[in-house]
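Quick notes on the structure that follows.
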Amino acid sequence: MTKHKHVIALSGGKDSAALAVYMREKHPDLDLEYVFTDSGCELPETYEYLDRIRAVLNIDITVIKPEKGWDYWSLVKVKRTPYGAFPYLPSPQQRWCTEVLKLIPYEQWINTRFPDCMVNSYVGLRADESSDRQGLVSRNPDLRVRFPFIEDGLVYEDIRDILLGSGLGFPDYYSWRTRSGCFFCFYQSKREWLGLYKNHPDLYYKAMKYETDLPDKGIRFTWCQDLSLRELLEKKDEFEDDQVLEEGEISRDVSAESRLIDTLGHLSRREG
Ligand code: SF4
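Just so you know, the sequence shown maps onto residues 17 to 288 in the numbering used here.
Shown next as C-alpha cells:
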C-alpha cells in the first residue's frame, strides 16, 4: 500500500507560518514535516522568524540548500554582447534563480526523502488571493497539492488572528517589506528596495554589485527594469515616505500566482 507523507514548505513568510499553526491544530493526527529551502540569500529576519517558529511550535524544520549557490550561478548565467559576456540578473520573465536555488533542491529532497510515497504538499495560499488555481495543481500522480486556507475560506484577517493568537506574530521585515525571499528579489517595489537600504545597507550594496550598467555600450542588467540601484539611491526622495506597507500593496508587484510558483514551480518540472 502506498504510504502518504505530509509536507509544509515554509517560505519564511507569514502565510506558510500560519498554515503550520493551523494544520497542527486542525489535523493533530497528521505526521507533518516542515521544510525550508534556503537560497543562501535570505534576509536575516527570515532566519530569526524560522527560529521563532521552531521555538513556538516546538518543531524541527529541515533546511534544504542548493548544491551550488547564488555566487556560482550569478557567474554562470551570462549573456554575450559585442563587448564580451556579462552576468545577467534574473527577472520576472527569466526566473532562473527560483529554479536553481529553490525548486531543484526541493525536488531532489522530495525524491530522496520520500521514494515511492504519495506526498501531500500543503500550501498557504489564502482564499482572498487565489485568483487562479487552474494549472497550478500537479499532474504528478505522486504529489498532491493542497490549499487548506482556500478549502476552508481563510483570508488575511484569519491569518493575522492565527499568528497573533499563537504568539508567533509577523516576521520583523513586514515593517518595510511584504514578501519573504532573497534580499535582492526583483519583485521588490522601489520603496522596499529603499527599506533594504535602511535596514540592511550592506545587503543593498551587495545587490548593487551584481548589477551591470554600461549605458555607453547599451548594456544594462539591473534589478529594477527602469533604473539601477545606484540611481535609485540618488532619487530616493521621490520614492520614500513614512507609511508602513499595507498588505494589499504586494499585489502591485507580485501576483498571488507568481508567489505560488515559488512554491509550486517544481511541480511543472516534475511533470516534464
Ligand atoms: S525570492 Fe526572488 S530572487 Fe529569490 S529565488 Fe525567489 S524569485 Fe528569485
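Every residue gets a Cβ at the ideal spot worked out from N, C-alpha and C, and that includes glycine.
These numbers were taken from a predicted model, which means no experiment stands behind them.
| If we count the other Cβ atoms within 10 Å of its Cβ and call it buried at 16 or more, is SER191 buried or exposed? | exposed
| Got a sec: does ligand 1 put a non-hydrogen atom nearer than 7 Å to the Cβ of ARG111? | yes
| THR50 (DSSP reduced to helix, strand or coil) | At residue 50 the sequence reads Tyr, which differs from the Thr that was named. In this structure, TYR50 counts as strand in the three-state DSSP scheme.
| Buried or exposed by the 16-neighbour rule on C-beta atoms within 10 Å, applied to GLU167 | exposed
| said: Does ILE126 come out as helix, strand or coil in the three-state DSSP assignment? | reply: helix
| message | Assuming MET134 is part of the beta strand (DSSP E), what are its boundary residues? | response | 133–138
| In the DSSP assignment, what are the bridge partners of ASP229? | ARG236
| message | By alpha-carbon positions, which one of GLY100, VAL116 and SER137 ends up nearest to PRO106? | response | Nearest option by C-alpha distance: VAL116.
| query | Between the stretch 31–50 and the stretch 70–87, do three or more beta carbon pairs fall short of 8 Å? | reply | The answer is yes - the stretch 70–87 touches the stretch 31–50, with three or more Cβ pairs under 8 Å.
| field | Assigned exposure category for PRO98 - 16 Cβ within 10 Å defines buried | value | exposed
| message | I'd like the span of the beta strand (DSSP E) that includes PRO60, first residue to last. | response | Counting along the chain, PRO60 falls outside any beta strand (DSSP E), though it belongs to the alpha helix (DSSP H) covering 60–73.
| task | From the DSSP output, in three-state form, read off CYS113 for me. | result | helix
| query | What three-state label does DSSP hand GLY29 in the structure shown? | reply | In the structure shown, GLY29 adopts coil according to DSSP, grouped into three states.
| task | Report whether the distance from the Cβ of LYS84 to the nearest heavy atom of ligand 1 is below 7 Å. | result | no
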